[in-house]
Amino acid sequence: MKTTIANVHKHVNETVTIGAWLHNKRSSGKIAFLQLRDGTGFIQGVVVKAQVDEETFDLSKKLTQESSLYVTGNIVEDTRSPLGYEMQVEKVELIQEAVDYPITPKEHGTEFLMDHRHLWLRSSKQHAIMKVRNEIIRATYEFFNQEGFVKVDPPILTGASAEGTTELFHTKYFDEDAYLSQSGQLYMEAAAMALGRVFSFGPTFRAEKSKTRRHLIEFWMIEPEMAFMDHDDSLEVQEQYVSHVVQSVLKNCKIELNTLERDTSKLENIKAPFPRITYDEAIEFLHEKGFDDIQWGDDFGAPHETAIAESYDKPVFITHFPLEIKAFYMKPDPNNPNVALCADLIAPEGYGEIIGGSERIDDLDLMKQRYEEHDLTGPAYQWYLQLREYGSVPHSGFGLGLERTVAWISGIEHIRETIPFPRLLNRLYP
Ligand code: 4AD
Ligand code: MG
Numbered sequence: 000m001k002t003t004i005a006n007v008h009k010h011v012n013e014t015v016t017i018g019a020w021l022h023n024k025r026s027s028g029k030i031a032f033l034q035l036r037d038g039t040g041f042i043q044g045v046v047v048k049a050q051v052d053e054e055t056f057d058l059s060k061k062l063t064q065e066s067s068l069y070v071t072g073n074i075v076e077d078t079r080s081p082l083g084y085e086m087q088v089e090k091v092e093l094i095q096e097a098v099d100y101p102i103t104p105k106e107h108g109t110e111f112l113m114d115h116r117h118l119w120l121r122s123s124k125q126h127a128i129m130k131v132r133n134e135i136i137r138a139t140y141e142f143f144n145q146e147g148f149v150k151v152d153p154p155i156l157t158g159a160s161a162e163g164t165t166e167l168f169h170t171k172y173f174d175e176d177a178y179l180s181q182s183g184q185l186y187m188e189a190a191a192m193a194l195g196r197v198f199s200f201g202p203t204f205r206a207e208k209s210k211t212r213r214h215l216i217e218f219w220m221i222e223p224e225m226a227f228m229d230h231d232d233s234l235e236v237q238e239q240y241v242s243h244v245v246q247s248v249l250k251n252c253k254i255e256l257n258t259l260e261r262d263t264s265k266l267e268n269i270k271a272p273f274p275r276i277t278y279d280e281a282i283e284f285l286h287e288k289g290f291d292d293i294q295w296g297d298d299f300g301a302p303h304e305t306a307i308a309e310s311y312d313k314p315v316f317i318t319h320f321p322l323e324i325k326a327f328y329m330k331p332d333p334n335n336p337n338v339a340l341c342a343d344l345i346a347p348e349g350y351g352e353i354i355g356g357s358e359r360i361d362d363l364d365l366m367k368q369r370y371e372e373h374d375l376t377g378p379a380y381q382w383y384l385q386l387r388e389y390g391s392v393p394h395s396g397f398g399l400g401l402e403r404t405v406a407w408i409s410g411i412e413h414i415r416e417t418i419p420f421p422r423l424l425n426r427l428y429p
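In numbering that gives the first Met the number 0, the protein residues as written are 0 to 429.
Written as structure tokens, this is what we have:
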């Protein structure tokens, strides 16, 4: 009977066949240990000379890394393996022999691995990261569906910028100019006025010349938008959502977190509520810590975010940023019109901003004023004004960067390993 490695627990003391690749191998005179992977997991197959035919034993001894196989054997419990099971191999059939697989178990340089990303994805660490990413996506849909949100898909080809006029990828749209989406937000606001509570999940593009461990050119964002919800209401949804995601990964990715050697004690107490500090308090704190380079009105850099995050063992909201350094649509605080009703959520352990969000301007005249200040003209923006004309309501939303969240929860150094095929400043291949 054919099965997968993830399903071997259903076949203890039964003979099954698994389609797999040879991940690694050890052998001595009368025994061979085959590390097998099939995408659903990793299992050890033990081939004992005295228990198999000669052909199977000879083949097992000379199998090369990444050769594809059908392996048949008996499944037994094995408490030493992370999976809890191993296979006593009875028969091995070669599908294709892989000759000179370039990624060997020895250390390789980052550029070499990135050039071979299409193969590097097969390694146990990369496999674990992709499984964590998948669990975050699954838990995202679960959370927003439970909370009554409707999934809405904003366009990727757009006529205007959502976050600012720079950092856009330009393309032709027949005779017109078009841009790849930086954020679906403006469309999600329209959707919230139609469906109440909505969320999107899709690729976004930023032509940023940043080469840091936190920046991708193409990344995926989850963007909820909620009618009749103010800034504080939105923070509550954000902390509930992030807690749900972290707890889901802890529960459903135990093997993967073990492979990644993640210190899970740092994730266990990620539960709502999260601490909140204002931008003013953050500036004061940074001055106390000796960061003389930063003044009121400056945006935070990575070292500032890391210093702030170090004081907490949970993600921290920094709220009420100066209006002038934030996007045109953010609502000014009625108690202090120099700051916005907004927040960035900073992950612990130096992973930086994972969410940016705000309450949106709902007043038509104020939005018109902002359009003038930001020089937003042309038909691409006119429809967005109409949302403030016909039954405008208080509303808020936010965007969570998937890859930064994967990096944080997986505990990996660089964002390039959090997406199957990263688009970086100097890399469009593979
Ligand atoms: O803070 P940002 O720019 O916010 C927006 O785009 C809003 N329109 C979202 C909204 O309110 N609907 O981006 C949101 C998040 C950041 O917090 C960060 O996690 C991620 O997107 N992000 C990036 N991730 C990887 N590479 C980049 N270059 C990123 N830029 C932003
Ligand atoms: Mg931001």
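The C-beta atom is built at its ideal place from N, Cα and C for all residues, glycine as well.
Owing to the predicted nature of the structure, the values given are computational and were not obtained by experimental measurement.
Between the alpha carbons of F200 and A97 lies a distance of about 38 Å.
Following the DSSP letters along the chain, one finds K171 in no alpha helix (DSSP H) but inside the beta strand (DSSP E) bounded by residues 169-172. Rounded to the nearest angstrom, the gap between the Cα atoms of H126 and E141 is 23 Å. D297 has its CB no nearer than 8 Å to any heavy atom of the ligand MG.
If you check the CB distance, V245 and I269 come in under 9 Å. The way I'd put it, the stretch 183-191 doesn't touch the stretch 209-218; fewer than three beta-carbon pairs between them come closer than 8 Å. Set against 8 Å, the gap from the CB of E358 to the closest heavy atom of the ligand MG is not smaller. Shown here, W20 sits in a strand according to DSSP, grouped into three states. With respect to the C-alpha of V51, the residue from A31, D291, R36 having the closest C-alpha is A31.
DSSP places K250 in the uninterrupted alpha helix (DSSP H) bounded by 230-251. Any heavy atom of the ligand MG counts here; residues with a Cβ closer than 7 Å to one of them, in chain order, are D343, E352, G355.
If the five residues before and after S310 are omitted, its C-beta is found closer than 8 Å to the C-beta atoms of F284, all from its own chain and listed in chain order. The ligand 4AD approaches E402 closely enough that one of its heavy atoms is under 8 Å from the residue's Cβ. In this structure, the ligand 4AD has a non-hydrogen atom nearer than 8 Å to the beta-carbon of H214.
Taking the CA atoms as reference points, F198 sits about 22 Å from P314. The nearest non-hydrogen atom of the ligand 4AD is less than 8 Å from the C-beta of T203. Taking non-hydrogen atoms of the ligand 4AD into account, the C-beta of L399 is found less than 8 Å away from one of them. Boundaries cannot be given for P104, as no alpha helix (DSSP H) includes it and DSSP labels it neither H nor E. Relative to the non-hydrogen atoms of the ligand 4AD, the Cβ of F218 comes within a distance shorter than 8 Å of at least one.
If you keep only unbroken beta strand (DSSP E) runs of at least 3 residues inside the stretch 306-372, you get 315-318, 335-339, 341-346, 351-358.
Each of Y380, S182, G349 was checked against the Cα of T404, and the nearest Cα belongs to G349. Inter-segment contact for the stretch 0-18 and the stretch 74-93 is present: three or more beta-carbon pairs are separated by less than 8 Å. Collapsing the DSSP output to three states places P421 in coil. In terms of Cα proximity to G147, the closest of I360, R196, F168 is R196. Looking at the DSSP output, E416 sits in no beta bridge, so it has no partner there.
Looking only at S357, E53, S160, N251, the smallest Cα-Cα distance to L322 is reached by S357. DSSP links F397 through a beta bridge to G356. Boundaries of the beta strand (DSSP E) harbouring V70: 67-76, taken from the DSSP string. Per DSSP, reduced to three states, the secondary structure at T211 is coil, with no helix or strand assignment. The beta carbon of A161 is closer than 6 Å to those of Q181, S182, Q184, L185 in its chain, skipping five residues each way along the sequence. Ranked by Cα distance from G28, the first of F397, A49, T305 is A49.
Taking a cut-off of 8 Å on C-beta distances, the stretch 319-335 touches the stretch 362-373, as three or more cross pairs fall below it. Within its own chain, the residues whose Cβ lies closer than 8 Å to the Cβ of L156, once the five positions on either side in sequence are excluded, are T170, Y172, A177, Y178, L179, S180, listed in chain order. Each residue's CA atom was taken as its position, placing E352 and Q34 some 39 Å apart.
Counted as a single uninterrupted DSSP element, the alpha helix (DSSP H) harbouring R116 occupies residues 116-119. Under the DSSP assignment, D176 falls outside any alpha helix (DSSP H), being part of the beta strand (DSSP E) whose first and last residues are 175-179.
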